[in-house]
Amino acid sequence: MPELPEVEITRRSFAQRISGARITAARLGAPLRWPLGIAPDALVGRRVKAVDRRGKYLILRLSNAETAADAGVLLIHLGMSGRLLFADALPPPGPHDHFDLHTDQGLLRLHDPRRFGAVVWSPSLDDDPARKLLARLGVEPLSDEFDPARFYQALRRRSGPIKQVLLAGGVVAGAGNIYACEALFEAGIRPDTPACRLSRSRADRLHAAIRAVLARAIERGGSTLRDFASADGQAGHFQLDAAVYGRAGQPCRRCGAPIRLMRQGQRSTYFCARCQRR
DNA sequence: CTATGGACCTGAATGC
DNA sequence: TGCATTCAGGTCCATA
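Here is the structure:
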């Protein structure tokens, strides 16, 4: 479900409301992608200081309720079908509700039918398992660290198709299947172009397109393809703006040629063969 | 080191 | 109607 914009929208929808909350209980459901790494009861008495984001991970920073000392982090990943809810009260957990964090300011729940998501406790971001999970992520696309010259240099070292390089997230984090397709359309680049063959000026266009597409998607509240909603239940609207994603056979909004669909590494890639060139 | 394919899991949509 | 197949917003791991 969630790429960077959906994760960021989710973060914004409950970060303020949960900030400072004292954990009163925690419950696990069916196993997720990785084990929690701590007994749920051991979380009781800690506070949620802040909610940050790195790539597609949410980071709940915990502190000891009495001493205010740092008390680890909870990394939350939504996988393909995950979604968070945060409310004063929620119905009893159903078969797809795999993590409940009860606090004195509300109940945070992870709902994830496919269970590719995860909730992982780590002593700090610099310790495993958080360190290991975050180590492979590329730069944050909306930060100053993402700059055109370094982006171009990083692409020169990759021979794979640019779409798959973006999806892998090792160069720049956060673009998934929707936004990788959309950014490549906006930059006029065919998704199967070898990353190392992009000129500096085309890499610059792609750099700008990635930023613009992700920023616009956040403004629109993310994409709701089937069931995405923020932690307070708001659906997103970016899917209505999509130029190529999910539009196979429909006319390109720019030139009218039919949008094409191809497989790249067992993922669907949508593109306009007239507007996007190698 | 990089690139590729398989694995994980459930539910909805499609095809015969 | 029923059953099999395909596809879905991610990413880790083994293999070459």
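Take the first sequence: its letters are residues 0 to 277, numbered as in numbering that gives the first Met the number 0.
Beta carbons: idealized from backbone N, C-alpha and C, even for Gly.
Following the DSSP letters along the chain, one finds I58 in no alpha helix (DSSP H) but inside the beta strand (DSSP E) bounded by residues Y56 to N63. In the three-state scheme derived from DSSP, where H, G and I count as helix and E and B as strand, A134 is classed as helix. Within the segment 78-166, complete beta strand (DSSP E) segments of at least 3 residues are found at 82-86, 96-102, 105-110 and 117-121, given in chain order. Membership of S200 in the alpha helix (DSSP H) is indicated by the continuous run R199 to E218. In the structure shown, Q249 falls within a coil segment according to DSSP collapsed to helix, strand and coil. Contact check for A64 against R46 passes: the beta carbons are separated by less than 8 Å. In the same chain as T9, and ignoring 5 residues on each side of it, the C-beta atoms closer than 6 Å to its own belong to L83, S229 and A230, in chain order.
Relative to the Cα of G36, the nearest Cα in the group P122, G105, M79 and Q104 belongs to P122. In this model, Q238 and A179 are separated by some 14 Å (Cα to Cα). I161 places its beta carbon less than 8 Å from that of A194. Our two residues, D87 and L107, have alpha carbons roughly 9 Å apart in a direct line.
Judged by DSSP secondary structure, Y178 falls within the alpha helix (DSSP H) whose first and last residues are N176 to A186.
At the C-beta level, R26 and P34 stay beyond 8 Å of one another. Ranking G232, R215, E5 and R21 by CA distance to the CA of L100 puts R21 first. As computed with DSSP, H76 is found in a beta bridge with Y56 and A117. Counting C-beta atoms within 10 angstroms of its own C-beta, S198 has fewer than 16 neighbours from the protein chains shown and is therefore classed as exposed. Where A14 is concerned, the enclosing alpha helix (DSSP H) starts and stops at L3 to I17. It is roughly 12 Å from the alpha-carbon of P30 to the alpha-carbon of P94. By the beta-carbon neighbour count (other beta carbons within 10 angstroms, threshold 16), K55 is buried.
For M261, same chain residues with a beta-carbon under 6 Å away, outside a window of 5 residues either side, are T268 in chain order.
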